[in-house]
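Everything on this sheet refers to the single structure shown next.
Residue numbers (the working numbering): 5 to 350.
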């Protein structure tokens, strides 16, 4: 806020008028003049000083007043205000011209003193607001850089995970080529879709729920071929959720966790269900499995890079507006519920 710009804002006008009124009240308590006369003087002098500073600043084409503007501006503004108040209050008729100059000088000195104090208030208030704005801007800049750093770090971790999945899948393809060529071809097709989607996501800052569902479909299709009858899965996207933005590859680690730590250790395998829905101004993604359950997964949870990644990303991107909860199902398996405020995803 530049000093002269406060005249364009209602709140600053009210501040100025309020300060002038307080000065008029104090003068009424210590002088024989009426409150109305004191109010006219204080308002005229206060507004005139502010207006004079504005005028000189703009004539000089400066971004804000300097000390060389304050020195002439405050006395000139005070004198202009005194003369204006004389006319408005009809005090010219009651002036004793033998002592009039003394009254004017005394009024001018008093006005300059009070005007300087009020001006100092606005200057200090201006500096405080600028400092707050600069601090807020710096915090936003640092927060943005921190988010970029976290995202880069997590993308690097994701890149470290992908080769393991790729090599394992290719190894499975080799094993299926002779025994089940159709399954090998289907796995390669799903792997192609998965890798193309993954490569695209790592180059983008955001994806959509529809994109994530497509990626999960390809990933689970690969796992379905590998685990055969030991894996069943379903993906459900509630209408209206498809176009909501999400950080790329945010949900996949939850599905990986369900497969690796939930279903694979179970001899009979199980089912994975993924759902996206909206409720209470939140996007809710639920990944549930019928595998070994949370007791078996407590230790893997602590070591899972994917789960650590998700928690770090949520904390960085949506502080206090997103949550990941893992809980044991009543029968078998576990459920991971991830919620994000819709206002963050528009």
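Ideal Cβ placement from N, Cα and C applies to all residues, glycine included.
Coil, strand or helix - residue i by DSSP
| i | result |
| --- | --- |
| residue 191 | helix |
| residue 47 | helix |
| residue 287 | strand |
| residue 332 | strand |
| residue 296 | coil |
| residue 250 | strand |
| residue 102 | Because the pLDDT of residue 102 is 46, which lies under 50, any placement of that residue in the model is unreliable, and the question is left without a value. |
| residue 281 | strand |
| residue 142 | helix |
| residue 61 | helix |
| residue 259 | helix |
| residue 90 | helix |
| residue 209 | coil |
| residue 37 | coil |
| residue 200 | helix |
| residue 184 | coil |
| residue 81 | helix |
| residue 119 | helix |
| residue 244 | coil |
| residue 66 | coil |
Minimum C-alpha distance to residue i - residue among the options
| i | options | result |
| --- | --- | --- |
| residue 219 | 194, 231, 92 | 194 |
| residue 282 | 260, 293, 346, 222 | 346 |
| residue 322 | 342, 190, 171 | 342 |
| residue 75 | 225, 60, 88 | 60 |
| residue 317 | 88, 23, 147, 16 | 147 |
| residue 227 | 137, 210, 268 | 268 |
| residue 46 | 64, 26, 63, 36 | 26 |
| residue 253 | 149, 144, 201 | 201 |
| residue 374 | 115, 62, 179 | With the chain running from 5 to 350 in the structure shown, residue 374 is simply not present. |
| residue 251 | 309, 113, 350, 44 | 350 |
| residue 287 | 249, 256, 257 | 249 |
| residue 188 | 174, 132, 119 | 174 |
| residue 331 | 266, 313, 324 | 266 |
| residue 340 | 320, 311, 121, 324 | 311 |
| residue 89 | 78, 48, 122, 79 | 48 |
| residue 31 | 65, 42, 22 | 42 |
| residue 213 | 255, 313, 198, 39 | 255 |
Residue span of the alpha helix (DSSP H) that contains residue i, given as start and end
| i | result |
| --- | --- |
| residue 217 | 213-231 |
| residue 267 | Unbroken run through residue 267: none, as it is neither H nor E. |
| residue 235 | No alpha helix (DSSP H) contains residue 235, which is instead part of the beta strand (DSSP E) from 235-241. |
| residue 350 | Careful: residue 350 lies outside any alpha helix (DSSP H) and carries neither H nor E. |
| residue 273 | Per DSSP, residue 273 belongs to no alpha helix (DSSP H) and is neither H nor E. |
| residue 18 | 14-34 |
| residue 255 | Run containing residue 255: none; DSSP gives neither H nor E here. |
| residue 310 | 309-321 |
For residue i: DSSP bridge partner residues
| i | result |
| --- | --- |
| residue 327 | 343 |
| residue 338 | 332 |
CB contact below 9 angstroms: residue i versus chain C
| i | result |
| --- | --- |
| residue 63 | Judged by its chain identifiers, the structure shown contains no chain C, having just a single protein chain. |
beta-carbon residue i near the ligand NAD non-hydrogen atom, thresh 8 angstroms
| i | result |
| --- | --- |
| residue 210 | This structure does not include the ligand NAD; it has no bound ligands of any sort. |
contact_flag[the region 269-282, the region 229-248] where n(CB pairs < 8 angstroms) is 3 or more | yes
Do the region 77-84 and the region 42-53 touch if we need at least three Cβ pairs shorter than 8 angstroms?
-> yes
Check whether the region 243-262 touches the region 281-296, counting contact only when three or more Cβ pairs, one atom from each stretch, lie closer than 8 angstroms.
-> yes
Taking three-plus beta-carbon pairs below 8 angstroms as touching, is the region 263-272 in contact with the region 227-237?
-> yes
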